[in-house]
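The block underneath contains the structure these notes are about, expressed in structure tokens.
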Amino acid sequence: MSVDTPRRIVLLRHAKADWPQVSDHERPLAERGRSDAPVAGRRLAETGIGFDLALCSTAVRTRETWKLAVHELPERPRTVYEDRLYEASLGELIALLNDVPDEVSDLLVIGHNPGMHALADALAGRAEGDTVTRMNRSGFPTSAFAVLAFDGSWKSVEHGVGTLVDFWTPHD
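Residue 156 in this note's numbering sits at position 146 of the sequence shown; the count goes up by one each step and never skips.
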């Protein structure tokens with residue numbers, strides 16, 4: 011695959027989590043999260059994007075979100091559970107994207123805020139329609155996702171490289 015290949019990154023924030031007396035990393039989904047995650051999966055399927063790879067945080071709530079959402083996709087992509095996604099800074103998230111193999115054209119990242127919002131905002135040098143306004147107005151709620159497109163190698167991912175082509179939330 012050429013480094014000039016059109017690529018897409020979908021940033022999915024985990025579904026609504028519960029607050030039991032466990033460490034933050036071990037927090038499970040709340041009832042609303044268990045109902046929103048499959049809805050997000052169906053909406054991801056409607057985008058028509060065939061993901062080559064899914065990178066999922068190792069936190070319980072992200073793994074549960076992915077388990078419920080992936081069943082709605084026509085094909086299950088290869089999934090890597092990535093420790094670096096949990097509590098990642100913007101710089102760490104960009105570094106993680108820079109490590110994606112160039113054979114991957116469509117990538118799904120299942121992670122957390124504020125990272126997913128910060129990454130979408132940082133990568134979006136351009137936007138279609140009112141996507142940036144809607145994303146910033148909503149604050150990137152649980153189960154929301156942003157779709158960004160760019161051309162080039164994953165090693166070239168940096169601030170402003172992409173176009174925000176879609177933003178979806180389950181409770182508009």
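Where a beta carbon is used, it is the ideal one built from N, C-alpha and C, also for glycine.
Locate the beta strand (DSSP E) running through S67, then write down its first and last residues. L63 to S67
Answer with buried or exposed for W29, where buried requires no fewer than 16 other C-beta atoms within 10 angstroms of its C-beta. exposed
Please report how far the alpha carbon of S45 lies from the alpha carbon of A159, in whole angstroms. 28 Å
Output the boundary residues of the alpha helix (DSSP H) element that contains I120. Premise fails: I120 lies in the beta strand (DSSP E), D116 to G121, not in any alpha helix (DSSP H).
Rounded C-alpha distance that separates G172 from A64: 19 Å
Work out the CA separation of R136 and T15 for me, nearest whole Å. 18 Å
Given 8 Å as the limit, is there contact between the stretch 63-78 and the stretch 93-105, that is, 3 or more CB pairs closer than that? yes
Count the other C-beta atoms from every protein chain shown that fall within 10 angstroms of the C-beta of A27, then say buried if there are 16 or more, exposed otherwise. buried
Residues bridged to V167 by DSSP? None; V167 has no bridge partner.
What first and last residue would you give for the beta strand (DSSP E) that runs through T141? From DSSP, T141 is part of no beta strand (DSSP E) but of the alpha helix (DSSP H) over T141 to S148.
Run through the stretch 39-93 for me and flag every whole alpha helix (DSSP H) of 4 or more residues, listed as ranges in chain order. 41-56 and 70-80
Using a Cβ-Cβ cut-off of 7 Å (strictly less than) and excluding sequence neighbours within five positions of K165, which residues of its own chain qualify? N108
Along the chain, where does the alpha helix (DSSP H) containing D131 start, and where does it finish? G125 to L133
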